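**Student:** In short: position in the sequence shown from 1, add 19, done, that's our numbering. So that we are looking at the same thing, I have put the structure below in structure tokens.
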Amino acid sequence: MYDRDIIVHKGPAAEPPARLRRSGRPRSGFLADVRRYPADLECSVGMTQNWVTFLIASLTAVTGLAGAIGGQLVASSRAVKLARLERVGRLEDQVREERRTSYARFLVATRLVPPAAKSADPAVADPALSALREAAAYVELAGPAGFEGLLSRVLDSADRWVMLAGRQGPTSPDAQAAGAEYQGASLELRSRMLAALGR
Numbered sequence: 020m021y022d023r024d025i026i027v028h029k030g031p032a033a034e035p036p037a038r039l040r041r042s043g044r045p046r047s048g049f050l051a052d053v054r055r056y057p058a059d060l061e062c063s064v065g066m067t068q069n070w071v072t073f074l075i076a077s078l079t080a081v082t083g084l085a086g087a088i089g090g091q092l093v094a095s096s097r098a099v100k101l102a103r104l105e106r107v108g109r110l111e112d113q114v115r116e117e118r119r120t121s122y123a124r125f126l127v128a129t130r131l132v133p134p135a136a137k138s139a140d141p142a143v144a145d146p147a148l149s150a151l152r153e154a155a156a157y158v159e160l161a162g163p164a165g166f167e168g169l170l171s172r173v174l175d176s177a178d179r180w181v182m183l184a185g186r187q188g189p190t191s192p193d194a195q196a197a198g199a200e201y202q203g204a205s206l207e208l209r210s211r212m213l214a215a216l217g218r
């Protein structure tokens, strides 16, 4: 009873049963789909090419935008650095100008002391010493550091010179020694000032 579906064909040219014959339809699968729907395949290929073109165009646009943004960032950074350098340069010029002004004021004040000491007149000596002290204060503010010792030497020798000239006379040995000390300290400080100004 199990052999009812088995058909025995006699003869050399026996044909397979009808239900085992190949039908005219193609097999299922990719090739079958290609044979059945060639237009759909062409449409899919066209859409793929369009997508590739779109992606390439998008990447090109993004790359160009990134390059433009990068260029703007570099330009902005360069502008910031340039502005910072200009600001530092202006500050340095301002400091240098303030130093030059304070140094010139002090050197002018140092020239008032010798006539005041030689005159031995307090009415002349006191204003000269006051002007020298005031100018020294501006030098201390303008800097640079390291002038304090020389400034003290100049001020102390000026006070001593004026005092000795008033008590012993301008031509006394002590007054002349104090005057020489004052002149030496003033010249040394002047050289330091010129060096600070880059001269």
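Note that beta-carbon positions come from the ideal geometry of N, C-alpha and C, so glycine has one too. Note that this is a predicted model, so its numbers are computed, not measured.
#1: Would PHE166 be called buried (16 or more neighbouring beta carbons within 10 Å of its own) or exposed?
#2: With DSSP as the reference, label ARG130 as helix, strand or coil.
#3: Run through the region 136 to 165 for me and flag every whole alpha helix (DSSP H) of 4 or more residues, listed as ranges in chain order.
#4: For the structure I just gave you, are there three or more beta carbon pairs, one from the region 138 to 146 and one from the region 182 to 201, closer than 8 Å?
#5: Evaluate GLY90 with the Cβ neighbour count: other Cβ atoms within 10 Å of its Cβ, from every protein chain shown; 16 or more gives buried, anything less gives exposed.
#6: Starting from the Cα of PRO163, find the closest Cα among TRP180, VAL114 and VAL107 and give me that residue.
#7: Quick check: what's the CA-CA separation for LEU183 versus ALA196?
#8: For PRO133, count the other beta carbons within 10 Å of its own beta carbon; 16 or more makes it buried, fewer makes it exposed. Which is it?
#9: Could you give the distance in angstroms between the alpha-carbon of ALA154 and the alpha-carbon of ARG103?
#10: Taking the straight line between their C-alpha atoms, what separation do you get for SER205 and GLY108?
#11: Taking C-alpha atoms, which residue in ALA128, SER171 and LYS100 lies nearest to LEU148?
#12: Go ahead and pull the three-state DSSP assignment for LEU78.
#13: Hey, how far is the Cα of ARG209 from the Cα of LEU169?
#14: Tell me the residue span of the alpha helix (DSSP H) that contains SER191.
#15: Quick one: Cα of LEU131 to Cα of PHE125, how far?
#16: In the structure shown, what three-state DSSP assignment does PHE89 receive?
**Tutor:** With the given structure in hand:
#1: Counting from 1 along the sequence shown, the entry for residue 166 is found at position 147. That one is buried.
#2: Your numbering for residue 130 matches position 111 in the sequence shown. Three-state DSSP puts ARG130 in coil, outside helix and strand.
#3: 141 to 161
#4: yes
#5: If you number the sequence shown from 1, residue 90 lands on position 71. Under this definition GLY90 is an exposed residue.
#6: Locating residue 163 in the sequence shown gives position 144, where the first residue counts as 1. Out of TRP180, VAL114 and VAL107, VAL114 has the C-alpha closest to the C-alpha of PRO163.
#7: Position 164 of the sequence shown, counting from 1, holds the residue named residue 183. Position 177 of the sequence shown, counting from 1, holds the residue named residue 196. Answer to the nearest angstrom: the Cα atoms are 10 Å apart.
#8: Here the question's residue 133 lines up with position 114 in the sequence shown. Classification for PRO133: buried.
#9: Locating residue 154 in the sequence shown gives position 135, where the first residue counts as 1. Locating residue 103 in the sequence shown gives position 84, where the first residue counts as 1. Going from the Cα of ALA154 to the Cα of ARG103 covers about 33 Å.
#10: For the purposes of this step, residue 205 is taken as residue 186 along the sequence shown, with counting starting at 1. For the purposes of this step, residue 108 is taken as residue 89 along the sequence shown, with counting starting at 1. Between SER205 and GLY108, the C-alpha separation is close to 31 Å.
#11: The residue labelled residue 148 in the question sits at position 129 within the sequence shown. Ranking the options by Cα distance to LEU148, first place goes to ALA128.
#12: As a first step, residue 78 must be located in the sequence shown, where it is residue number 59. LEU78 falls in the helix class under three-state DSSP.
#13: Taking the first residue of the sequence shown as 1, we reach residue 209 at position 190. Taking the first residue of the sequence shown as 1, we reach residue 169 at position 150. Using only the alpha carbons, I get a separation of about 10 Å.
#14: By one-based count along the sequence shown, residue 191 stands at place 172. Unbroken run through SER191: none, as it is neither H nor E.
#15: In the sequence shown, residue 131 corresponds to position 112, counting from 1. In the sequence shown, residue 125 corresponds to position 106, counting from 1. Roughly 10 Å between the two C-alpha positions.
#16: Within the sequence shown, residue 89 is the residue found at index 70, counting from 1. Going by the sequence as given, residue 89 is Gly instead of Phe. DSSP places GLY89 in helix when its eight states are reduced to three.
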